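The structure appears below as structure tokens.
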Amino acid sequence: MIKKVLIANRGEIALRIIRTCKEMGIASVAVYSEPDRKAPFVYHADEAFALNGKTSQESYLRSEKIIKIAKKCKADAIHPGYGFLAENADFAREVSKAGITFIGPPPEAIELMGNKTRARKSMIEAGVPVVPGTESAIKDINDAAGVAEKTGYPVLVKASAGGGGKGMRLVSDPADFRSAVEGAQREAGSAFGDSAVYIEKYVEEPRHIEFQILADAEGNVIHLGERECSIQRRHQKIIEESPSILLDENLRREMGEAAIRAASACGYRNAGTVEFLVDKHRKFYFLEMNTRLQVEHPVTELVTGLDLVREQILIASGQPMTRQSSIEQPWGHAFECRIYAEDPENNFAPSPGRIHHISPPDGPCIREDSGVTDGNEISLYYDPMISKLIVWDQDRMHAIRKMVLALSEYEIQGIHTTIPFLKKVFQHKRFIRGDFTTNFLNEETGLFNGQTSHEKVAALAALLLHQVQKSRKKLVSPNGQNTINWKLIHRKNMLDVR
Amino acid sequence: MIKKVLIANRGEIALRIIRTCKEMGIASVAVYSEPDRKAPFVYHADEAFALNGKTSQESYLRSEKIIKIAKKCKADAIHPGYGFLAENADFAREVSKAGITFIGPPPEAIELMGNKTRARKSMIEAGVPVVPGTESAIKDINDAAGVAEKTGYPVLVKASAGGGGKGMRLVSDPADFRSAVEGAQREAGSAFGDSAVYIEKYVEEPRHIEFQILADAEGNVIHLGERECSIQRRHQKIIEESPSILLDENLRREMGEAAIRAASACGYRNAGTVEFLVDKHRKFYFLEMNTRLQVEHPVTELVTGLDLVREQILIASGQPMTRQSSIEQPWGHAFECRIYAEDPENNFAPSPGRIHHISPPDGPCIREDSGVTDGNEISLYYDPMISKLIVWDQDRMHAIRKMVLALSEYEIQGIHTTIPFLKKVFQHKRFIRGDFTTNFLNEETGLFNGQTSHEKVAALAALLLHQVQKSRKKLVSPNGQNTINWKLIHRKNMLDVR
Amino acid sequence: MKVFTDIKDRTFVFELIEDNGGLKVLQEGKVLEHELIALGHNRYSLVVNGKSYYLQIIRDNGLYHIHVDGEYFPIRVEDERMRQLRELVGAAAGGSGTLLICAPIPGLVTRVNVQEGETISKGDSLLTLEAMKMENEIKAESDGQVKQIFVEAGAAVEKDQKLILIE
Amino acid sequence: MKVFTDIKDRTFVFELIEDNGGLKVLQEGKVLEHELIALGHNRYSLVVNGKSYYLQIIRDNGLYHIHVDGEYFPIRVEDERMRQLRELVGAAAGGSGTLLICAPIPGLVTRVNVQEGETISKGDSLLTLEAMKMENEIKAESDGQVKQIFVEAGAAVEKDQKLILIE
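Chains as they are written, first to last, in the numbering used here: chain S, 1 to 498; chain Y, 499 to 996; chain P, 997 to 1163; chain L, 1164 to 1330.
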């Protein structure tokens, strides 16, 4: 069994992993950059070693430094978290070479899934549906028309060298196909100096639905149900849930089996995620496989009762997984919100700064996975995600109401966060109905502003505080707290302000 | 459906109820005493009205004042929480008379269960086992010997007028019965001037196990499994769990059915709890019924997925309960710790004062039901319980480890709390094995003190801080936080303290 | 005395009346019975005609930044005289014609997309700032000409540092 | 310099050596590499030879009250001279013979169980204080005689208020 784990990561996920290590009686080792010295993951770990440097390049991406520390402190395993070195096959190899267990999949699986073309080929061989289309540039327009026919309309004609929508055509009617290809080729040629185009099925009203996989050393592969992550901003997931409102038992079984085939095809071991797009016809297509723990793993934990980090450590230790069969029926419903240090009123500009006061909501079925606390500095060096708010309830409707309440109670002072924005999403009629695609936030730009019933009371509060401050007759009570100068303010009942 | 609920209570339970009201779209009304003006339950409620007065007698026990406020603000229901007026049949009656829904059982059920003798009689009629014995004083010693025989040895001979153990005899062997009764009568006579004694079965190695009941307006009664509450100090529960390690499926079914009979016998409606003692032979005996929500209801919520306050409101509104059948298999395992403002190092003396800083643990499957926040004053006027820490995990062993971690991370500054004591209980071998009775804390007085591995590091920290403070050369960093005067302290790596 | 509170483009007007040493607040002719209590850490409990609210209020840059129930409002408070004064000054300054663009966030200047003397249109990208692994475009808020550029690509800038002067 | 740290009845001894402007700490001859960082709100991060600890430390009444991992330690820190001084004073004061009993907590005096002049034995209940719905007995810590009683039943007392003088 693993005895000491070095966590090659920072923030909430480092703290998350440390907590499971502590519960399992495993020593935890933090490594930290200079700006992170005061972060909770450093002082909650059993041991802590400086990487020095401020940027990721100088610290969390320095594999050789990290492995050196692991050897020095005699860690027998390294957990990479997500991001940084988590999907770096070379790092996984170096770790193993140093005689240390890498808590993750074999490097070969990381490599295979890291290569789009190889992954696509391997999925087709394993019978996992991929988005249909040509894999290479079109040479003959008649062949292309045949491919389009087989793929099924609507299709996308895309510039091979392309990007940003240039040289792209959406074709719904086969009669338009020829002129569309020619137009796309012309546009691609002038934009990129390369007129090659290829064809891909257009996924209509796509939803992002992914399956959590666990695979042990003996080749057992199970899935733990799905997560829906269609609510995205700039292709970044911001809200995730499990189960998905779109899936019924049949589709869940079918997709789950495909996910298991995908994992088996690459010789997977440990926890991983197979991502799919699902279109409006409920057809699903393999998107990619993430060969690590996901940010959104907590929603799966809440509806399965499993601790995925615990399972990762058990698997890496060669121990049996807690359960040997896939999940058929999730327990209730869970949501996760990612809370970013960004200003939603200002086009989501980063909002670094010192957190003067943070007080997450408490109460029934609310979970907060946070990496920060009072006095911490949100620096410019890393990802702006500061915590994840997760709720559970008996069904989707109740879980939505719970999230609205939890967001309402969440207090963070000193920086802007996406909390007000997230609350608007959870109160949106289409979101509540489950009627959305990955384009939801582009379609519903009205979310970014709009008025509420609380404006008037906020205005009154500002007015009252303004009058008190103007009078400059602040009372300081014996206990050192400011109390309002009541002489100035009309009150109905005198209160003993203690 | 109920539209506005006045909560006739304070602290964590008031906040707990407010949260469920908010989730259900029901307006919540707080009433508060003077010392509670700054408490979270006041400012998280939708409306708040002062009761004035400081003591419970002047505030939370003033039923007429509370009903008057409820009428004034047009509340259509009152939730009494636990304690204060929760088991006051007259209050329940006055509320109904005012045309307001009382979120609790009918007054008749409160009255019946509030009277030990009537309750016992009614339980015997309903076929619910009670602790066997004579109900009245012994007149004839031969009759008494017959009763003792029927009851089964060991028996307790107890002074009718007694208390404090005087005039009490434990008899294990029938041969000793006569002399024991005579001895007890003599002692009772001289101690209380009344030599009457009665006989009760001695419950060997008793454990406190209770069943949560829900009953709707149509007479459906279900149980939600058990809670074990054997860990008590001065007859006060301090740790509760669900399920109990003692029960198997058969005993759970048997006791659950008895609990349902008990509730049906008194025409129960809404949420209630039937308490039993279980002896070392796994025989169970009715103790009493609590006709209200219990402090420890969260453990049941976590292993059933139900929100009991939501169920209470649904039932009081005449709506169907979320589930119509009893729980057969709990989901995982849950523990609750009651955190008191008491000093365990000083015989659990109350520790009132200002909470300078409070930071409950976060992370997976940890729930905190708290009534306080930074800056709140723990006053002398009310119960010293300031919050409840609840954890869930897949089984008892993992839940214990999780609670140890959660207690370790819980920060409260400014007052003493029972956290260090609770942590010792959760690390105790007998507790971990589940080998305990209601006498556990009396038997294990060693828990109250004892040394740990952290002493040395605490000593070092005190030393270092002392040297810094002695030098009086504190640096104040530009951001206003104190940093240690590093010149004084030998350091290996220079850090950019930000 | 009339007092104006502006939340972005909306305004709420209150009337304040000295009343027996206290202060009566009216809105649209109705008295607002109120009690504001400081809870420390910039937290306040406000009860208005029995309704209870919990707010976090920070004053910064002449604005009250208020968080209530997970919503956020930046609010300016002005009495009648202040407002008139500001409108006069604003009108006078309106035609002055130079606009100083400062860094809205700290970050790294990755690209400067204009040159001194260049004519620009509203919406043009002036400069790209990188922070937290994200690129942020600083765009022109109106047509004009670039008068001066204070930074170059690669420079680290603080919040509110001068970037570009537009004429 | 030797420094003594007392946790109740246990003592840890450290040796401090001035070292190049810094301070070297030794215990039982071994150097403790350490770094103590203040996190605000009385919270500290301490790293000793790579081991990481998180502590809350409040200084009150000459003691350092330390919370670490849910455990609590009241600690007294003294250097050699201070310790000798205190032991001398303590020995001198030891025989003086009066003991002032103060309220360990604020509360309401519900009963005074002794009278002035009464002879008492160790463990006798002197007075009952009610707080938070609980009765708390104040007991005699040694044999003696009640010299003076400063409160009566029904009185509300503050923490550390004088209750009874024992001779």
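Ideal Cβ placement from N, Cα and C applies to all residues, glycine included. Note that this is a predicted model, so its numbers are computed, not measured.
Give the DSSP-derived three-state secondary structure of residue i in the structure shown.
{"i": "Asn220 of chain S", "result": "coil"}
{"i": "Ile865 of chain Y", "result": "The amino acid occupying residue 865 of chain Y in the given sequence is Arg; Ile does not appear at that position. It is a strand residue."}
{"i": "Gly581 of chain Y", "result": "coil"}
{"i": "His1197 of chain L", "result": "strand"}
{"i": "His542 of chain Y", "result": "helix"}
{"i": "Ala50 of chain S", "result": "strand"}
{"i": "Val1073 of chain P", "result": "strand"}
{"i": "Met1 of chain S", "result": "coil"}
{"i": "Val95 of chain S", "result": "helix"}
{"i": "Gly127 of chain S", "result": "coil"}
{"i": "Ile1301 of chain L", "result": "strand"}
{"i": "Ile1160 of chain P", "result": "strand"}
{"i": "Leu475 of chain S", "result": "In this prediction, Leu475 of chain S has a pLDDT of 40, which is less than 50 and means its spatial position is unreliable; what the coordinates show is noted afterwards. Looking at Leu475 of chain S - three-state DSSP - the assignment turns out to be strand."}
{"i": "Glu510 of chain Y", "result": "helix"}
{"i": "Asp777 of chain Y", "result": "coil"}
{"i": "Ile515 of chain Y", "result": "helix"}
{"i": "Gln1278 of chain L", "result": "coil"}
{"i": "Leu460 of chain S", "result": "helix"}
{"i": "Asn768 of chain Y", "result": "strand"}
{"i": "Glu23 of chain S", "result": "helix"}
{"i": "Ile1145 of chain P", "result": "strand"}
If you compare alpha carbons, which of the options is closest to residue i?
{"i": "Ile400 of chain S", "options": "S:Ser326, S:Ala191 and S:Pro243", "result": "S:Pro243"}
{"i": "Lys456 of chain S", "options": "P:Gln1144, P:Leu1084 and P:Lys1047", "result": "P:Lys1047"}
{"i": "Ile260 of chain S", "options": "S:Ile66, S:Asp369, S:Arg338 and S:Met123", "result": "S:Met123"}
{"i": "Phe934 of chain Y", "options": "Y:Ala689, Y:Arg705 and Y:Glu698", "result": "Y:Arg705"}
{"i": "Gln1324 of chain L", "options": "L:Lys1285, L:Thr1282 and L:Ile1264", "result": "L:Ile1264"}
{"i": "Ser554 of chain Y", "options": "Y:Phe539, Y:Lys886 and Y:Ala506", "result": "Y:Ala506"}
{"i": "Ala694 of chain Y", "options": "Y:Gln810, Y:Gly717, Y:Ala657 and Y:Glu708", "result": "Y:Ala657"}
{"i": "Gln1278 of chain L", "options": "L:Asp1287, L:Leu1271 and L:Gly1270", "result": "L:Asp1287"}
{"i": "Met997 of chain P", "options": "P:Ile1071, P:Met1078 and P:Arg1072", "result": "P:Met1078"}
{"i": "Tyr880 of chain Y", "options": "Y:Ile500, Y:Glu510, Y:Val902 and Y:Met499", "result": "Y:Glu510"}
{"i": "Glu868 of chain Y", "options": "Y:Leu887, Y:Gly681 and Y:Leu583", "result": "Before going further, note that residue 868 of chain Y is Ser rather than Glu in the sequence given. Checked all of Y:Leu887, Y:Gly681 and Y:Leu583; the closest Cα to Ser868 of chain Y is Y:Leu887."}
{"i": "Leu460 of chain S", "options": "P:Asn1045, P:Met1128, P:Asp1139 and P:Ile1101", "result": "P:Asn1045"}
Cβ closer than 9 Å: which chain A residues qualify as neighbours of residue i?
{"i": "Ile419 of chain S", "result": "The chain labelled as chain A is not found among the protein chains of the depicted structure, namely S, Y, P and L."}
Please list, in chain order, all residues of the same chain as residue i whose beta carbon is under 7 Å from its beta carbon, the five residues on each side excluded.
{"i": "Ala607 of chain Y", "result": "Cys764, Gly765, Tyr766 and Thr789"}
{"i": "His365 of chain S", "result": "As written in the sequence, residue 365 of chain S is Cys, which differs from the His given in the question. The residues are Val391, Trp392, Asp393 and Lys402."}
{"i": "Phe276 of chain S", "result": "Ile209, Glu210, Met255, Phe284, Tyr285, Phe286 and Leu287"}
Enumerate in chain order the residues of its own chain whose CB-to-CB distance from residue i is below 6 Å, with the five nearest sequence positions on each side excluded.
{"i": "Glu738 of chain Y", "result": "Arg725, Cys727, Glu794, Val797 and Glu834"}
{"i": "Pro1237 of chain L", "result": "Leu1226 and His1228"}
{"i": "Ala1151 of chain P", "result": "Val1105"}
{"i": "Lys922 of chain Y", "result": "Leu945"}
Here's a check: name, in chain order, each residue in its chain whose Cβ is nearer than 8 Å to the Cβ of residue i, leaving out the five neighbours to either side.
{"i": "Gln1141 of chain P", "result": "Gly1113, Glu1114, Thr1115, Ile1116, Ile1162 and Glu1163"}
{"i": "Gly1258 of chain L", "result": "Confidence at Gly1258 of chain L is low in this model, with a pLDDT of 49, below 50, so its placement is unreliable and the value that follows should be read with caution. Within the same chain, Gly1258 of chain L has no close Cβ partners at all."}
{"i": "Tyr43 of chain S", "result": "none"}
{"i": "Arg282 of chain S", "result": "Leu246 and Leu251"}
{"i": "Met24 of chain S", "result": "Arg310 and Ile313"}
Practice task
Could you please tell me which residues of the stretch 41-53 of chain S, in chain order, have their CB closer than 7 Å to any CB of chain L?
Solution key: Cβ contacts with chain L: Val42, Tyr43, His44, Ala45, Asp46, Glu47, Ala48 and Phe49.
Problem - Chain-ordered residues of the stretch 1099-1123 of chain P with a beta carbon less than 9 Å from chain S - result: Correct list: Pro1100, Ile1101, Pro1102, Gly1103 and Leu1104.
Problem - Residues within the stretch 78-93 of chain S neighbouring chain P, beta-carbon criterion of under 8 Å - result: So the list is empty, because no residue satisfies the distance condition.
Practice task
Closer than 9 Å, Cβ to Cβ, to anything on chain S: give me those residues from the stretch 899-910 of chain Y, in chain order.
Solution key: When CB distances to chain S are screened at a threshold of 9 Å, the residues of the stretch 899-910 of chain Y falling below it are Arg899, Lys900, Val902, Leu903, Ser906 and Glu907, in chain order.
Handout entry: Contacting positions in the stretch 1018-1044 of chain P - beta carbon closer than 7 Å to chain Y
Key = Hits within the stretch, in order: Ile1033, Leu1035, Gly1036, His1037, Ser1041 and Val1043.
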